[in-house]
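For the first sequence, my numbering begins at 211 and goes up steadily by one.
In this text, a Cβ means the ideal position worked out from N, Cα and C, and glycines have one as well.
What follows is a set of notes on a single structure, which appears directly below.
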Amino acid sequence: MARPATLEPGPMTIATDTATPIRVRIAPSPTGDPHVGTAYIGLLNFLYARQRAGKFVLRIEDTDRTRFVSTSEQMIFDALRWLGLEWDEGPDVGGPYGPYRQSERTEIYREHVQRLLDSGHAYRSFETAEELEAMRRSQIAAKLPPRYNGAHRELTAAQIAAFEAEGRPAVVRLKVPAEGETAFRDELRGAINFSHNNVDDQVLLKSDGFPTYHLANVVDDHLMRITDVIRAEEWISSTPKHVLLYKAFGWELPRFWHMPLLRNIDKSKISKRKNPVSLIYYRESGFLPQAVLNFLGLMGGGMAQPSEEEIVAKGSSLKQGDIFSLPQMIEKFDFKRISLGGPVFDLTKLKWLNGEYLRALSPEAFFQALRATVFSDEYLRRIAPLVQTRIETLAQFGEMTDFFFKDDVMPAPEVFVPKKRTLEETLDFAAEQLAVLEATPFTAEELEPALKKLGAEKEWPVKDNFMLLRAILTGRTASPPLLESLIVFGKARSLDRMRRFIDAQKRLAATRR
RNA sequence: GGCGUUAUGGUGUAACUGGUUAACACGCCGCCCUCUCAAGGCGGAGAGUCCGGGUUCGAGCCCCGGUAACGCUACCA
């Protein structure tokens with residue numbers, strides 16, 4: 211892999227106190243579109259590795275077969291490469307500690323689980339999912355904290371044999387010590403303690419034979435010689451379980467760095483409901499990877515603002531302080547500076563930044579960027595057949611297809627509300643359509659029946675059903691074929707357009723009242 | 001509910017080991033430039049640093065006590 215010289219550890223390289231080479235990893239789950247959160251944590255890990263001449267590993271965390279999406283893994287690869295976050299080891303590039311896909315490591319997990327069973331750090335538990343669910347409900351009803359009650363912690367050999375004879379499937383759980391506490395150090399926050407009263411007997415091996423995150427993550431991090439676990443803050447609460455596992459195996463602990471969570475405007479954890487969260491969306495909407503990376507680098511504030519002397523020395527203007535490249539981040543990004551409050555992912559500022567990058571392009575580079583994205587041959591080639599029979603001069607192509615090239619369309623209520631329907635009913639139905647589209651792969655064979663099924667359930671005639679969707683997607687009542695348009699425009703952008711539409715209309719309706 | 005984390009303008013961040021009227025960027029408003037719109041230039045409004053105590057000549061920075069937000073609380077990650 212050819213890397214620009216600037217990416218090599220420069221004078222700012224941080225000396226580490228250990229002789230062991232630094233190794234970090236990201237472990238995305240292939241459950242859907244690649245997520246901005248993955249890019250954020252990916253960037254941070256990448257920077258950390260590059261600053262210390264370490265290795266950046268990509269591991270695919272595909273142990274949940276119920277949420278597995280087969281196309282997801284490739285999309286993750288593509289999105290990370292688009293951003294320029296190249297990994298040194300991973301499922302597609304190999305490496306000395308493979309395999310890098312957890313579904314290919316089940317034998318390893320089984321062996322390790324057996325070790326825990328043998329050493330008494332784990333035990334088999336035979337409750338069914340339904341029984342556990344019932345237990346949880348009654349605990350919540352009784353206002354008790356929902357926790358595993360430990361019923362099978364001390365089964366006798368005879369009891370275990372009986373359950374097995376019954377053919378009951380088992381899970382393996384971590385045997386958390388009844389007393390005491392587990393403490394660990396977070397590199398950004400200092401010591402964190404958890405009383406064992408508050409650490410559940412986590413399932414380590416599911417009844418389908420796959421490990422849970424907790425087990426797989428610890429085993430793999432150890433086997434892959436990961437020295438620094440840089441991950442999102444949401445993992446703090448489960449870190450004691452991980453620490454307990456390291457100890458049970460007798461392994462050395464990695465350093466833990468928990469990064470603040472990216473937030474929606476209302477400060478909740480970033481989610482697709484309130485923010486475009488798919489990296490596909492950003493790529494297809496014409497954001498430049500450098501701008502996205504730059505923006506992500508702003509989140510958490512690891513880049514010091516330049517001092518006045520530096521500004522004078524460089525002769526640059528003050529606002530350049532928010533603009534920096536990946537090599538500059540490698541040089542200057544300081545993990546100890548990261549501020550812990552959850553940063554709001556503010557699309558407005560991202561757009562400004564992207565505009566700065568666009569303006570900085572040479573005319574030729576700008577033209578090439580256009581040709582590579584919104585006016586790519588590939589895109590045009592897919593749109594062309596949708597309009598060929600519908601236009602009389604080639605110039606009409608523009609009118610017919612404008613919505614394919616817009617960032618936003620916003621039809622008026624006269625356009626999208628069917629006769630005999632109220633605005634409110636219509637928006638409610640649009641929300642139903644959105645839910646269906648989210649759950650459906652974007653192919654004609656899948657989309658059509660799914661939408662028709664919804665229409666039948668809610669008693670919306672096909673005509674009104676499709677017309678509403680057409681209005682939302684295209685902004686008008688006449689357009690190329692709806693389903694094909696949806697598919698070509700793409701799932702990420704289509705869903706975003708719908709969400710924005712519903713949000714905006716609800717807000718409008720509220721102000722009218 | 002329990003546990004954990006966090007807390008500086010609307011948003012992202014600054015403020016060296018406590019030291020002058022809390023700084024920069026985005027956004028917002030106004031003016032200039034201009035055929036328009038952007039961009040660019042200039043200017044402005046907007047926080048007294050979550051709240052309450054304390055230490056100190058002096059606190060956004062230190063101590064104590066609250067509050068709020070967020071996260072976790074799954075055979076999901």
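As for any beta strand (DSSP E) of minimum length 3 sitting wholly inside the segment 278-322, there is none. In this structure, DSSP gives A361 a state outside helix and strand, which the three-state scheme calls coil. Excluding five sequence positions before and after V625, the CB atoms of its chain that fall closer than 8 Å to its own CB belong to A681, G685, R686, T687, given in chain order. DSSP, read as helix, strand or coil, puts G511 in coil.
Each residue's CA atom was taken as its position, placing A332 and T422 some 14 Å apart.
The three-state secondary structure of G247, taken from DSSP, is helix.
In this structure, E443 lies away from L414, with their beta-carbon atoms at least 8 Å apart. Going by beta carbons, W297 and L268 fall inside the 8 Å limit.
Runs of the alpha helix (DSSP H) lying entirely within the segment 614-663 and spanning at least 4 residues, in chain order: 623-626, 633-649. C-alpha of L455 to C-alpha of E667: approximately 49 Å in a straight line. Its Cα nearest to that of E642, the residue L678 stands out among E314, L678, L384.
F543 is the residue among V386, F543, T338, Q538 whose C-alpha sits nearest the C-alpha of G510. Only exposed fits E317, as fewer than 16 other CB atoms lie within 10 angstroms of its CB.
Between the segment 461-476 and the segment 346-359 there are fewer than three inter-stretch CB-CB distances shorter than 8 Å, so the stretches are not counted as touching.
In the assembly as shown, F555 is a buried residue. Its beta-carbon has 16 or more other beta-carbons within 10 Å. Annotation for H432: the continuous alpha helix (DSSP H) segment containing it runs 423-433.
Rounded to the nearest whole angstrom, the C-alpha separation of P309 and D302 is 10 Å.
Where G565 is concerned, the enclosing alpha helix (DSSP H) starts and stops at 557-570.
When the Cα atoms are used, T650 and L590 turn out to be separated by approximately 24 Å. In the three-state DSSP reduction, G400 falls in the strand class (E or B). Where I440 is concerned, the enclosing beta strand (DSSP E) starts and stops at 438-442. Residue burial annotation: R315 is buried, with at least 16 other C-beta atoms found within 10 angstroms of its C-beta.
Assigned with DSSP and collapsed to three states, K265 falls in strand. For the 8 Å CB-CB criterion, Y491 and D706 form a contact. For H452, the enclosing alpha helix (DSSP H) starts and ends at 449-459.
Nearest C-alpha to I402 among R592, A371, F466, M434: F466. In the DSSP assignment, S335 falls within the beta strand (DSSP E) that extends over 332-335.
Distance from the Cα of P537 is smallest, within the candidate group R235, H245, L550, F256, for F256.
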